[in-house]
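A short worksheet on the structure shown next.
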Amino acid sequence: MKENNSREMYANVVVCGGGPAGIAAAISSARTGAKTLLIEKHGSLGGIPVSGILSVIGPLDDGDRLLDWERDKRIENRISLSKEMMVGNQIIGGITREIVDTLSREGAAIDYGYGFIPVNPEVLKRIAEEKAQAEGVEILYETLLTGAVVEEGRIKEVLTAGKSGSTKIGGDVFIDATGDGDLSFLAGAPYEKGRETDGRMQGVTLVFRLGGVKMKGRFFTDCKQIEENNGLFEEYYRKGKTKSLYKVGCINVIPGMKDVVSVNTQHTHFIDGAVTEDVTRALIAGRREIEEITGLFRRHLKGFEDAFLLDTASMLGVRETRRIRGRYVLTSEDVLQARDFQDAIGRNAYDLDIHLPDESTSANWDSNRTLSEGLSLKPGTSYGIPYRCLIPEGMENLLVAGRCISATHRAQSSVRIIPCCMVTGQAAGIAGALSSLDEICPSALDAGLLRKTIKDAGGII
C-alpha cells in the first residue's frame, strides 16, 4: 500500500517549539481567539525543564538572589525572616504563575514565594499538554522544522518532516520559540552568536538525576560542604584528575520523587548548540562525565553515599546560540540599570549569569557577593522587555520568543531563564493572535493594546 508522504496544513498562528516559550505562546494565542498550531520536535511539551530535566522554574520575584539559600534555611527550620530577606515582589505572572500554581496544588512544585522553584518534570509535561489542549491548540509531536518559504520578508509556509512524511504548514503569523532561532535562521532573519569579541558561547550542560540521596530542603545549601568540595573539585580539575567537575553546582529535590535529585553541574565548553556535530559531541561527553561526577559525589558529599545514576537528560541544556536581531537590542545596561520601556511586554529581574571559564560569573558567584558586584540588579528592582525585541528586522509576520530574542551576549544571560522565556512567549502569542485577527503585521500592532491584553491575561508589566 502506497501512502501519501506529503500534505498541507494551516493555522492563524503557527508556533515552532514546545518549550517554555512555545507553551506560553500557544496557550495565549489560542486564548486570544486564534486558531493555533504548535510544532515540537520531541514527544512532549516542556523543553528544557522536561526533556532536559532541569526541574526548576524561577525566580518570579525581584528579591536579593544572594539571600535565597538563607531564606530557604529559615523557612525550612520555621525561623522568621529578617527585614533584609523580605525585600522583593512578584514581577512575573500570567501563564508562568498559573502553571506554577497548578503544579503546587498537585504537590509537584515547592514554592516559597521567591527564588527558584523545584518542579516535577513528569507532572509539568502533562499539565502543559492539558492546558494547551483545553484551549484548542493543535499539537504536532515528533515534527522537525526543515525549511521556510519566504516572499518579500513574509513567511508563506514552513516545511516540516515527521512520521507522516513532509508537511507544508501555512499561517498568518509564525512564532519562533525554538530556543536556537531555527525558524528565523531558515527564513533568513539576521542574527548574532556568542560574545562580541570572539563569538564564544556559554557552556552547555547535560543535566542528570540521582536516586538514593538523603537531602533536607529543596536545594543542597550546605555552604560549608560546598566551599570545601568546590576547592577540592577545582584542584582535581586543575591537576587533570577529573575532566568533568570543578564545582558542586545546583542540586534540587524533585517534588513527588522520594530521595531523587536533579543535578545541574556538568559543563562542556567550545560548543555551538546550533551545530549538529557539536551537540552530538557534547551529549557523548556529558554522559561519560556524569558517571565520574556521580562517583565523586558519593565519595565527598554527605547524604550522597548511596546515590545512583537514575537517568541523564535526552535534551542538551544549551544556554546560548543565535540571538535574532530585532528592532531593539536589549543591553546589559538596560538590565543592570533596571530600565523600563513604553512598549514593555513583561518584566525580569535575573542577574547576568554567564557560564564561560574566563568570566567572573562562571565562579560560584551566587555565594560570594564580591563576585556579583556589577552583575546583579539592585534587590527590589526589575527591567522591562521591549516588544521590539520580539520583532526580527526585515520580517513581516515573524515573532521570536524565549532565549533567542534580540539582546547582546551579556543581556541574553539574564533573559534566557525559563520564566522570562515564558513572559516573552505569552506576549508573542497574544501579539500573534491580535495581528492575525486584525489582518496586520505584528510590527503594526498597537503596543498599548498589546500591553492591555497582557495585563488582562494576568501578566505583570
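Counting in my numbering, the sequence shown runs from 1 upward without gaps.
Ideal placement from N, C-alpha and C gives every residue a C-beta, glycine not left out.
- For cysteine 420, the enclosing alpha helix (DSSP H) covers residues 418-438.
- The beta carbon of alanine 25 sits closer than 6 Å to the beta carbons of Val15, Ile175, Ala177, Ala401, Gly425, Ala428 and Gly429 from its chain, once the five residues preceding and following it are set aside; these are given in chain order.
- Here the stretch 103-117 lies against the stretch 69-87, with 3 or more beta-carbon pairs under 8 Å apart.
- In the pairwise beta carbon analysis, the stretch 290-308 is classified as not touching the stretch 379-386: fewer than three pairs are separated by under 8 Å.
- A straight line joining the alpha-carbon of arginine 78 with that of glycine 217 spans about 12 Å.
- A direct Cα-Cα distance of roughly 23 Å separates glycine 317 from arginine 97.
- Minimum Cα-Cα distance from aspartate 446 among the listed residues Leu434, Ile53 and Ile127 corresponds to Leu434.
- With fewer than 16 other Cβ atoms inside 10 Å of its own Cβ, isoleucine 284 counts as exposed.
- Check the Cα spacing between leucine 140 and each of Lys156, Ser166, Val149 and Val150: the tightest is with Ser166.
- Apart from the 5 residues on each side of it in sequence, glutamate 106 sits with its Cβ closer than 7 Å to the Cβ of Val123 in its chain, given in chain order.
- DSSP links lysine 216 through a beta bridge to no other residue.
- By the neighbour-count criterion, in which a residue is buried when 16 or more other Cβ atoms sit within 10 angstroms of its Cβ, threonine 197 is exposed.
- Histidine 269 and glutamate 228 have their C-alpha atoms roughly 24 Å apart.
- Minimum Cα-Cα distance from arginine 195 among the listed residues Gly249, Asn89, Ser332 and Glu8 corresponds to Ser332.
- Remark: three or more beta-carbon pairs, one from each stretch, lie closer than 8 Å, so the stretch 312-328 and the stretch 185-193 are flagged as touching.
- Sequence-distant partners of isoleucine 417 (beyond 5 residues in either direction) whose C-beta falls short of 7 Å from its own C-beta, in its chain, are Tyr350.
- The C-beta separation of isoleucine 251 from valine 260 comes to about 11 Å, leaving the pair out of contact by the 8 Å criterion.
- Secondary structure note for lysine 125: its alpha helix (DSSP H) is the uninterrupted segment 121-134.
- In the displayed model, glutamine 90 falls within a strand according to three-state DSSP.
- As computed with DSSP, glycine 147 is found in a beta bridge with Leu159.
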